[in-house]
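Residue numbering for the sequence shown is -17 to 137, as defined by the working numbering.
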Amino acid sequence: MADAPYKLILLRHGESEWNAKNLFTGWVDVNLTEKGEKEAVRGGELLKDAGLLPDVLHTSLQRRAIRTAQLALESADRLWIPVRRSWRLNERHYGALQGKDKAQTLAEFGEEQFMLWRRSYDTPPPPLARDAEYSQFDDARYATLPRSCARTRSA
């Protein structure tokens, strides 16, 4: 079988500040930890060592993903390739759960509901109020987001 003309390489962002604290992150824009930056560099090194050199990079609008991409591309010597950003690649929006401790949420709501919110495509988390602390409703990055795409939770 001939080589496929394209290869899709998926690289998750490095550890974020809220990953380290076990908090629901969703669309809240948090930085990478030092460990996360090292993970991103290592990811780029592994790609280079494996000969998996991307021609274009797609990432979300979230700084943890953008920073991971920059560090990985730098260590793979691919900083020159085009980078395309889209909100459609953002992490799942966790609605009112954003900023909440995962262990406390599990204890409060039980494993079944907790896992539904985390893994189900049919059961969105509780919506986030427009004026909530971690709301993205007035975030300039999402100003052109269609109104049909709520900025309060993943549907």
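Here a beta-carbon is modelled for each residue, glycine too, at the ideal position from N, C-alpha and C. Owing to the predicted nature of the structure, the values given are computational and were not obtained by experimental measurement.
(message) Tell me which residue opens and which closes the beta strand (DSSP E) that L39 is part of.
(response) Against the sequence shown, residue 39 aligns to sequence position 57. Here the beta strand (DSSP E) through L39 covers 39 to 41.
(message) In the DSSP output, what is D83 paired with across the bridge?
(response) Counting from 1 along the sequence shown, the entry for residue 83 is found at position 101. Partner(s): L5.
(request) Buried or exposed for S42, please, with buried defined as at least 16 other CB atoms from any protein chain shown within 10 angstroms of its CB. (result) As a position in the sequence shown, residue 42 is number 60, starting the count at 1. By the neighbour-count rule (16 or more Cβ atoms within 10 Å), S42 is buried.
(message) If we require 3 or more residues per run, which beta strand (DSSP E) segments fall completely within the region 36 to 120?
(response) 39 to 41, 65 to 67
(message) Tell me the rounded alpha-carbon separation between D11 and I(-9).
(response) As a first step, residue 11 is located in the sequence shown; it is residue number 29 there, counting from the start. As a first step, residue -9 is located in the sequence shown; it is residue number 9 there, counting from the start. Spanning the two alpha carbons is a distance of roughly 23 Å.
(message) Assuming V23 is part of the alpha helix (DSSP H), what are its boundary residues?
(response) Sequence index remark: in the sequence shown, residue 23 carries index 41 (1-based). Its alpha helix (DSSP H) spans residues 16 to 31.
(message) Taking the alpha-carbon of L79 as reference, which of L55, S117, R49 has the nearest alpha-carbon?
(response) Locating residue 79 in the sequence shown gives position 97, where the first residue counts as 1. Measuring from the Cα of L79, the nearest candidate turns out to be S117.
(request) Using alpha carbons as the reference points, say which of R60, N4, E56 lies closest to T87. (result) Counting from 1 along the sequence shown, the entry for residue 87 is found at position 105. Minimum Cα distance to T87 is reached at N4.
(message) Judging by CA-CA distance, which residue of S57, A125, W9 is the nearest neighbour of V23?
(response) Along the sequence shown, one-based indexing puts residue 23 at 41. Comparing Cα-Cα distances from V23 to each of S57, A125, W9, the minimum goes to S57.
(request) Return the CA-CA distance between L34 and E94, expressed in angstroms with no decimal places. (result) Position 52 of the sequence shown, counted from the first residue, corresponds to residue 34. Position 112 of the sequence shown, counted from the first residue, corresponds to residue 94. L34 and E94: Cα-Cα distance of roughly 39 Å.
(request) Under 8 Å by Cβ, that's how I've got L71 and G26 pegged, so tell me the actual separation to the nearest angstrom. (result) The residue labelled residue 71 in the question sits at position 89 within the sequence shown. The residue labelled residue 26 in the question sits at position 44 within the sequence shown. No, L71 and G26 are not in contact; Cβ-Cβ is about 18 Å, not under 8 Å.
(message) With a threshold of 8 Å on Cβ separation, who are the neighbours of V38 within its own chain once the five nearest residues in sequence on each side are excluded?
(response) Locating residue 38 in the sequence shown gives position 56, where the first residue counts as 1. The residues are I63, P64, V65, R66.
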